[in-house]
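Line by line, the protein sequences give chains A and B.
If you're matching positions, the first sequence starts at 1 in our numbering and goes up one per residue.
If you're matching positions, the second sequence starts at 1001 in our numbering and goes up one per residue.
Worksheet for the structure shown next.
Number of protein chains: 2
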Amino acid sequence: MGITKSQIFTDNQNDLAQFFKVLGHPARVAILQYISNQNACICNDLVEEIGLAQATISQHLKELKSIGLLNGEVEGKRMCYCINIERWIDIQNQLNSFFNKTKTNCC
Amino acid sequence: MGITKSQIFTDNQNDLAQFFKVLGHPARVAILQYISNQNACICNDLVEEIGLAQATISQHLKELKSIGLLNGEVEGKRMCYCINIERWIDIQNQLNSFFNKTKTNCC
DNA sequence: ATTATATATTGCAATATTACGATGTTAAAT
DNA sequence: ATTTAACATCGTAATATTGCAATATATAAT
């Protein structure tokens, strides 16, 4: 078996888990940190900066795009990947809401 | 090869990714939400509530314990799993710090 | 048109995760 | 001491993820 049983959870639980999951890889954390520290954000820079193959970086970027965290714009023969601030804040709010609602203790 | 190259990332990046990863499964999100809504938090309740086998719930609890999010106390022949509030707040702060530091845009 | 550059996609091997039945372990109840 | 109840661990099958070489695509430069 082994496949996640998404159907037994709520949409909210699946969505939260999906955000967490995409952020749950050090390369993707590093990519977001690096992009936020640059004024230009170019995939090839990331390959040198992070030390993974170009194909691997491209896949990680795709996953970050899949939850709307990154916007990609074509800039000549380069891609400019940027953090989507609205989405970023939206996800931060959803995660904080989860954290704040789940603070109750029992013991 | 497929194994995560942890050694090329900073401790902070690996730690952040580890927190996100543990929270990146709907069963673990659901477990945390359920425990926070109960006054008693008992593994057997979770099996019925969540709808996964006892062995599976036990494994998910172990992962939540591994990052210190849950405390488990023996209570007779039962276990009382509780959210570790200090750790919970600590992790929330670390994640918020990551989110706030990574808000800069470039495009 | 051809070549060079930048990024995406494909295919695949190695590894990790998810889930659960079966079996251990531990403590209360009889 | 045996039985029962609650949970943990082991073993294993199914699936997902990670990473990269090879290849495809798309634009800029010549």
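Just so it is clear, CB atoms sit at the ideal spot from N, CA and C, and this is done for glycine as well.
- A check of alpha carbon separations from Gly1068(B) across Glu1086(B), Gly1051(B), Lys1077(B) and Ala1053(B) identifies Glu1086(B) as the nearest.
- For the C-beta of Ile1067(B), not a single chain A residue is nearer than 8 Å; the gap to the nearest is close to 12 Å.
- Sorting Asn71(A), Thr56(A) and Arg28(A) by C-alpha distance to the C-alpha of Ala1017(B) places Arg28(A) at the top.
- Taking the Cα positions, Leu1064(B) is about 43 Å away from Glu75(A).
- If only complete runs of 3 or more residues are kept, the region 1026-1091 of chain B shows the beta strand (DSSP E) at 1070-1075 and 1078-1083, in order along the chain.
- The region 1039-1051 of chain B makes no contact with the region 32-49 of chain A: fewer than 3 CB pairs, one atom from each, lie closer than 8 Å.
- By the criterion of at least three beta-carbon pairs nearer than 8 Å, the region 1084-1100 of chain B is in contact with the region 1010-1026 of chain B.
- For Asn14(A), the chain B residues whose C-beta falls within less than 7 Å of its own C-beta are Pro1026, listed in chain order.
- Cβ neighbours of Glu1073(B) within its own chain (closer than 6 Å, five residues either side excluded): Cys1080.
- Contact annotation: Ile1031(B) and Ile1008(B) have beta-carbon atoms that are not nearer than 8 Å.
- Around the Cβ of Ile3(A), a 10 Å sphere holds fewer than 16 other Cβ atoms; the residue is exposed.
- Going by C-alpha positions, Lys1077(B) is about 53 Å away from Cys82(A).
- For Lys21(A), the enclosing alpha helix (DSSP H) stretches over residues Asp11 to Leu23.
- Setting aside the 5 residues that flank it on each side, Ala53(A) is surrounded in the same chain by Val47, each with a C-beta closer than 8 Å to its C-beta; the list follows chain order.
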